[in-house]
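**Q**
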Amino acid sequence: MLVGTRLLSEQLVKARFPHLRYIRIHTSVKYRATIYAWTGDLQLSKQDQQQVEKYANAYLYPYVAFNVKAYNAVRADKVPLLQEVPADIVQTALRSNLNQYGILAAINRQFPYGRLHFKHYDVINSIIHFDFDALERMDEQEKGKMMRYLREMIPLGCFCEVQFLEDDL
């Protein structure tokens, strides 16, 4: 399975519509993603909205339905603020040939005190389930970091859950 991430998708939209200065893509519902866009003048014309939506639905990923809104809707839609992630995670997320093995390898490089394993994919709810076999106990901040990194690398339209297996520690 090839993965269409948020970062790669934003890069593709920016390349196709270079006059759009601000682009943000967010998954809030299974198998759907919203593209938030503005020009440098902080505008999104009806024509741009229609063209971006047509492009995304025709050329990005067949498993995701895209809609397009003006960038200022991120606040009303309660889209979380972007947080920095390591360059390795960004580079992995930008790979057009990214698959589940690439995701596992990137997380395992960032968190060497355990191993992330793919458990199963819940197609109905669009949730990818992972197990993390920890060699040492992880605090909530570390767990949150891992979840943030995973969200950058999983496909648009999907969510993920990690079961942290550290009961014996």
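Take 0 as the starting number for the sequence shown in numbering that gives the first Met the number 0 and just add one per residue. Beta carbons are placed, not taken as given, at the ideal position from N, Cα and C, and that holds for glycine. Predicted model only: the values in this text are computed from it and were never measured.
Under 8 angstroms by Cβ, that's how I've got Asn-71 and Thr-33 pegged, so tell me the actual separation to the nearest angstrom.
**A** As a first step, residue 71 must be located in the sequence shown, where it is residue number 72. As a first step, residue 33 must be located in the sequence shown, where it is residue number 34. With a Cβ gap of about 13 angstroms, Asn-71 and Thr-33 do not count as contacting.
**Q** Does the distance from the CB of Ser-27 to the CB of Val-89 come in under 9 angstroms?
**A** Walking along the sequence shown from the start, residue 27 turns up at place 28. Walking along the sequence shown from the start, residue 89 turns up at place 90. The answer is no: Cβ separation not under 9 angstroms.
**Q** Which one or two residues does DSSP pair with Ile-88 in a beta bridge?
**A** On the sequence shown, residue 88 is found 89 positions in, with the first residue counted as 1. The partner list for Ile-88 (beta bridge, DSSP) is empty, contrary to what the question assumes.
**Q** Whole angstroms is fine: what's the gap from Ala-86's alpha carbon to His-25's?
**A** The count along the sequence shown starts at 1 and reaches residue 86 at position 87. The count along the sequence shown starts at 1 and reaches residue 25 at position 26. Their Cα atoms are separated by approximately 20 angstroms.
**Q** Does Asn-66 come out as helix, strand or coil in the three-state DSSP assignment?
**A** What you label residue 66 is simply residue 67 of the sequence shown in a count that begins at 1. DSSP places Asn-66 in strand when its eight states are reduced to three.
**Q** Report back the beta-carbon spacing between Val-169 and Met-146 to the nearest angstrom; my notes put them in contact at under 8 angstroms.
**A** Because the chain is modelled from 0 through 168, residue 169 falls outside the range shown and cannot be assessed.
**Q** Candidates Tyr-21, Leu-155 and Glu-135: which alpha carbon is nearest Val-73's?
**A** Position 74 of the sequence shown, counted from the first residue, corresponds to residue 73. The option with the nearest alpha carbon to Val-73 is Tyr-21.
**Q** What's the C-alpha gap between Ala-14 and Ala-55?
**A** On the sequence shown, position 15 is the one that residue 14 refers to. On the sequence shown, position 56 is the one that residue 55 refers to. Spanning the two alpha carbons is a distance of roughly 12 angstroms.
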